[in-house]
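Sequence order for the protein chains is A and B.
Residue numbering for the first sequence follows the working numbering, starting at 1 and increasing by one per position.
Residue numbering for the second sequence follows the working numbering, starting at 340 and increasing by one per position.
By construction, the Cβ of each residue, glycine as well, lies at the ideal position given by its N, Cα and C atoms.
Bear in mind the structure is a predicted one, so any value in this text is a computation, not a measurement.
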Amino acid sequence: MTATEPEAEVRELTYLGAFNEALFQLMREDEDIFIAGEDVGLTGGVFGSFAGLIDEFGERRCVDTPISEQAIVGLGIGAAVSGLRPIVDLMFMDFILVAMDQIANQAAKLKYMFGGNATLPLTITTNGGAGVSAAAQHSQSLEAMLCHVPGLKVVMPSSPADLKGLLVACVREDNPTILVKNKRMFGKRGPVPEALYEIPLGVGNVVREGTDVTVVAYGRMVPESEKAAERLAEEGVSCEIVDPRTVQPLDTDLLVASARKTNRVVVVHEAVRFGGLGAEIAAQIQEEAFDYLDAPVARIAAPFSPIPFSPGLERHYVPNAKRISEGILETLGRPVPGA
Amino acid sequence: MEPTVDILKDLHYRMLRIRLFEEAAGRLFEGNKMPGFLHLYVGQEAVAAGVCVAMRDDDQVSSTHRGHGHLVAKGGDLNKMMAELMGKADGYCNGKGGSMHICDLDLNMLGANGIVGGGTPIAVGAGFANKYKGNDTVSVAFFGDGSTNIGAFHEAINMAAALRLPVLFVCENNEYGEYTRRDKVMAINDVVDRAAGYGIPGVIVDGMDAVAVYEAAVEGLARARRGEGPTFIEAKTYRYYNHHGVQTLGMKYRTDEEVDAWKAKDCIEGFERRVTEAGLISADELAAVRVELEAEVEAAVEFGENSPLPEVSTLLTDVYTEVSR
Ligand SMILES: Cc1ncc(C[n+]2csc(CCOP(=O)(O)OP(=O)(O)O)c2C)c(N)n1
Ligand SMILES: [Mg+2]
Numbered sequence: 001m002t003a004t005e006p007e008a009e010v011r012e013l014t015y016l017g018a019f020n021e022a023l024f025q026l027m028r029e030d031e032d033i034f035i036a037g038e039d040v041g042l043t044g045g046v047f048g049s050f051a052g053l054i055d056e057f058g059e060r061r062c063v064d065t066p067i068s069e070q071a072i073v074g075l076g077i078g079a080a081v082s083g084l085r086p087i088v089d090l091m092f093m094d095f096i097l098v099a100m101d102q103i104a105n106q107a108a109k110l111k112y113m114f115g116g117n118a119t120l121p122l123t124i125t126t127n128g129g130a131g132v133s134a135a136a137q138h139s140q141s142l143e144a145m146l147c148h149v150p151g152l153k154v155v156m157p158s159s160p161a162d163l164k165g166l167l168v169a170c171v172r173e174d175n176p177t178i179l180v181k182n183k184r185m186f187g188k189r190g191p192v193p194e195a196l197y198e199i200p201l202g203v204g205n206v207v208r209e210g211t212d213v214t215v216v217a218y219g220r221m222v223p224e225s226e227k228a229a230e231r232l233a234e235e236g237v238s239c240e241i242v243d244p245r246t247v248q249p250l251d252t253d254l255l256v257a258s259a260r261k262t263n264r265v266v267v268v269h270e271a272v273r274f275g276g277l278g279a280e281i282a283a284q285i286q287e288e289a290f291d292y293l294d295a296p297v298a299r300i301a302a303p304f305s306p307i308p309f310s311p312g313l314e315r316h317y318v319p320n321a322k323r324i325s326e327g328i329l330e331t332l333g334r335p336v337p338g339a
Numbered sequence: 340m341e342p343t344v345d346i347l348k349d350l351h352y353r354m355l356r357i358r359l360f361e362e363a364a365g366r367l368f369e370g371n372k373m374p375g376f377l378h379l380y381v382g383q384e385a386v387a388a389g390v391c392v393a394m395r396d397d398d399q400v401s402s403t404h405r406g407h408g409h410l411v412a413k414g415g416d417l418n419k420m421m422a423e424l425m426g427k428a429d430g431y432c433n434g435k436g437g438s439m440h441i442c443d444l445d446l447n448m449l450g451a452n453g454i455v456g457g458g459t460p461i462a463v464g465a466g467f468a469n470k471y472k473g474n475d476t477v478s479v480a481f482f483g484d485g486s487t488n489i490g491a492f493h494e495a496i497n498m499a500a501a502l503r504l505p506v507l508f509v510c511e512n513n514e515y516g517e518y519t520r521r522d523k524v525m526a527i528n529d530v531v532d533r534a535a536g537y538g539i540p541g542v543i544v545d546g547m548d549a550v551a552v553y554e555a556a557v558e559g560l561a562r563a564r565r566g567e568g569p570t571f572i573e574a575k576t577y578r579y580y581n582h583h584g585v586q587t588l589g590m591k592y593r594t595d596e597e598v599d600a601w602k603a604k605d606c607i608e609g610f611e612r613r614v615t616e617a618g619l620i621s622a623d624e625l626a627a628v629r630v631e632l633e634a635e636v637e638a639a640v641e642f643g644e645n646s647p648l649p650e651v652s653t654l655l656t657d658v659y660t661e662v663s664r
């Protein structure tokens, strides 16, 4: 947690509960905020993210849209340049691909192409991540694609408290932001301050301090890395876990500082390894901390295939605590059990 | 075209085969034996059966997230279907696809689809290939009312119309897209009104009446085969279960009375009543078909349950076609 968070009453909330609470508080604070997307109104979102909002804010501010991802994002862009502060929802992260023109060619570039003459306070919310047998078109982690496009900011929260604070920052931000919740974290509980607070975009978080190795992880790979770190602690390995929280812009300073301290880095993400953020992070770390590294920066990520449906295959696809521990041990040059 | 008794029997057989398969899948889902999402087709059987009976075997089908019915109606192997839904190695996609990606290319069923609107352009591509090759095969795009609101649908149907491709567009209008009522997301009462905008003929049929669907499909397929381009059929129908899973009643977005009113028009019960009353098929014969199909479905469940999970070694296969030079 960062210093910007006030001392306030802290309760346990679920990941989705924290998201939902932030929306209520934001919409009470600012009339210009509305939500739009498929089933976000009457149904409160297919996962319950938007539950109850329509009861307080009505259909004017909670808009059930047709199944029209391009137009949903376009609606947000047009409304944003017209002075509103839209939050538009794409049910699954995979569906950003349907709306990619509006996201990457329009939202991301408008300000620049117009020589600065446009401001886009637009937030796109969506749900990513594998591990629920949702198969190849409902499980992807496509953040690298988004981070590659100048003009977008991309957020991957790893806890209920971060989700709330980062959503607030996204909505108050005068640039297009994409906030990706992880489907397997919806019910995960954690302490969340009741008051409205902001976690600034581009500021990472040292989730766990350690001395032997830096694990860079975001989204659901943070709790998974924490599990690995717990296990390894019993074997005397001290892991530092650094969560950039925002993957675009990336808190390179924080990652580099940790790399310089521990001299070894393992990057973990759910997305496919090839061309994933791990490659960018590894590159930045070797640029800034080459002389400090005692081992190559390792990447633990999904293999190069679409996401399989069968649980029998999918459990070998998504990185887990076991694979993370093994990767850490390898990077430390320690024997890997069973290897 | 008035269906013959053989055709009536075929319609009944395919509808019931879908129904029994889906009900069994629903039970497995409830018993946690089926991972992921399950979008059941129950209620809409007359549409898949009516269209597929009118089709030739070489005619292709593109489908949706609610796709089991289309594959069963195309003659899908229930064993392989059930195994796929369970994520097993002997499934149609070797466990890689599941419910939303089930397919049988040999039966010209070009796959269910997880992306709303994703399948319709594929049917248009198949139609293009047929015209290109100069054969008289037709492709059929099945799609929901909700999918007609997405860009891919518009682009695909316009292209098919402009290029006069042999494609039949079959809209299964069940009045909802997930939990949102159709009238909230389109300003027309009949989806078929869209056809005029593409310059193609459109008809509305009672989607609870397999014969009506069949007759409309015969027309549309013949038109396409004659090289006169696409036709739009809107079948008014209803899904009995929730968008996903097996709940039927007590939903916030639709009333139980509405569900009951549609069930009173059930495509299978109504069909059985009409054909027996008209003396076209005997009640005994219908009952015998049911017994036969129940056994087939039961065997499929057993097959699925006994099939192993896929080998881990298959995780990275099938990403690309192996280069063979
Ligand atoms: C591009 C895209 N957007 C949203 C979804 C989520 N989704 C799956 S089915 C569905 C409703 C589809 O409605 P309709 O086309 O009427 O088909 P039905 O479910 O009624 O058979 C939605 C919104 C999706 N799969 N793909
Ligand atoms: Mg529908």
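- Shown in chain order are the members of the segment 312-325 of chain A whose Cβ falls below 8 Å from a Cβ of chain B: Gly312, Leu313, His316, Tyr317.
- Comparing alpha carbon positions, the residue from B:Pro342, B:Asn512, B:Phe360, B:Ala626 closest to asparagine 418 (chain B) is B:Phe360.
- In this structure aspartate 294 (chain A) is in contact with asparagine 263 (chain A), their Cβ atoms being roughly 4 Å apart against a cut-off of 8 Å.
- Looking at the DSSP output, aspartate 545 (chain B) bridges to B:Lys575.
- The residues Ala551, Lys575, in chain order, have a CB closer than 7 Å to that of aspartate 545 (chain B) in the same chain once the five nearest residues on each side in sequence are set aside.
- For tyrosine 518 (chain B), the C-beta contacts it makes with chain A under 8 Å involve Asp39, Leu42, Thr43, Val46, in order along the chain.
- The nearest non-hydrogen atom of ligand 2 is less than 8 Å from the C-beta of arginine 521 (chain B).
- Interface residue (Cβ-Cβ distance to chain A less than 9 Å): alanine 491 (chain B) is classified as such.
- If you check each beta-carbon in the segment 132-143 of chain A against every beta-carbon of chain B, the ones closer than 9 Å belong to Val132, Ser133, Ala134, Ala135, Ala136, Gln137, His138.
- If you look at proline 191 (chain A), you'll find it in the beta strand (DSSP E) that goes 189-193.
- In the three-state reduction of the DSSP assignment, methionine 425 (chain B) falls in the coil class.
- Scanning the segment 418-484 of chain B for uninterrupted alpha helix (DSSP H) segments of 4 residues or longer gives 459-472, listed from N- to C-terminal end.
- When C-alpha distances from serine 438 (chain B) are compared across B:Phe610, B:Glu558, B:Leu367, B:Lys591, the shortest belongs to B:Leu367.
- Close to ligand 2, as judged by a C-beta nearer than 6 Å to any of its heavy atoms, are the residues B:Gly483, B:Asp484, B:Gly485, B:Asn513, B:Tyr515, B:Gly516, in chain order.
- Per DSSP, the beta-bridge partners of arginine 85 (chain A) are A:Ile33.
- DSSP, read as helix, strand or coil, puts histidine 269 (chain A) in strand.
- Rounded to the nearest whole angstrom, the CA to CA distance from lysine 261 (chain A) to cysteine 147 (chain A) is 27 Å.
- Aspartate 55 (chain A) sits in a helix when the DSSP states are folded into three classes.
- Around the beta carbon of alanine 501 (chain B), fewer than 16 other beta carbons sit within 10 angstroms, so the residue counts as exposed.
- Selection B:Arg356, B:Arg358, B:Val381 evaluated against histidine 582 (chain B) yields B:Val381 as nearest (Cα-Cα).
- At a cut-off of 8 Å, the beta-carbon of phenylalanine 95 (chain A) counts as near ligand 1: some heavy atom of the ligand is closer than that.
- For the 9 Å CB-CB criterion, phenylalanine 309 (chain A) and lysine 435 (chain B) form a contact.
- Only Asp64, Thr65, Pro66, Ile67, Ser68, Glu69, Gln70, Ala71 from the segment 60-71 of chain A bring a Cβ to less than 9 Å from some Cβ of chain B.
- Within chain A, no residue has its CB atom less than 9 Å from the CB of isoleucine 572 (chain B), the nearest being about 20 Å off.
- Residues of the same chain with a CB within less than 8 Å of the CB of arginine 11 (chain A), apart from the 5 flanking positions on each side, are Pro191, Val192, Glu194 in chain order.
- Approximately 7 Å separates the beta-carbon atoms of isoleucine 124 (chain A) and glycine 76 (chain A); this is inside 8 Å, confirming the contact.
- Ranked by Cα distance from glutamine 586 (chain B), the first of B:Arg358, B:Asp345, B:Leu350, B:Gly365 is B:Gly365.
- Positions of the alpha helix (DSSP H) runs, each at least 4 residues long and wholly inside the segment 86-145 of chain A, are given as 110-113 in order along the chain.
- Rounded to the nearest whole angstrom, the C-alpha separation of glutamine 286 (chain A) and valine 524 (chain B) is 51 Å.
- Remark: the C-beta of isoleucine 489 (chain B) is in contact range of ligand 1, defined as less than 8 Å to any heavy atom.
- A distance below 9 Å separates the beta carbons of glycine 456 (chain B) and valine 98 (chain A).
- Residues of the segment 628-659 of chain B whose Cβ lies closer than 9 Å to any Cβ of chain A, in chain order: Pro647, Leu648, Pro649, Glu650, Val651, Thr653, Leu654, Leu655, Thr656, Asp657, Val658.
- Here the alpha carbons of phenylalanine 467 (chain B) and glutamate 494 (chain B) stand approximately 14 Å from one another.
- Sequence-ordered contacts of the segment 300-311 of chain A with chain B read Pro303, Phe304, Ser305, Pro306, Pro308, Phe309, Ser310, Pro311 [C-beta pairs closer than 8 Å].
- In this structure, DSSP gives lysine 181 (chain A) an extended state, which the three-state scheme calls strand.
- Three or more Cβ pairs closer than 8 Å define a contact, and the segment 42-62 of chain A meets that threshold against the segment 586-598 of chain B.
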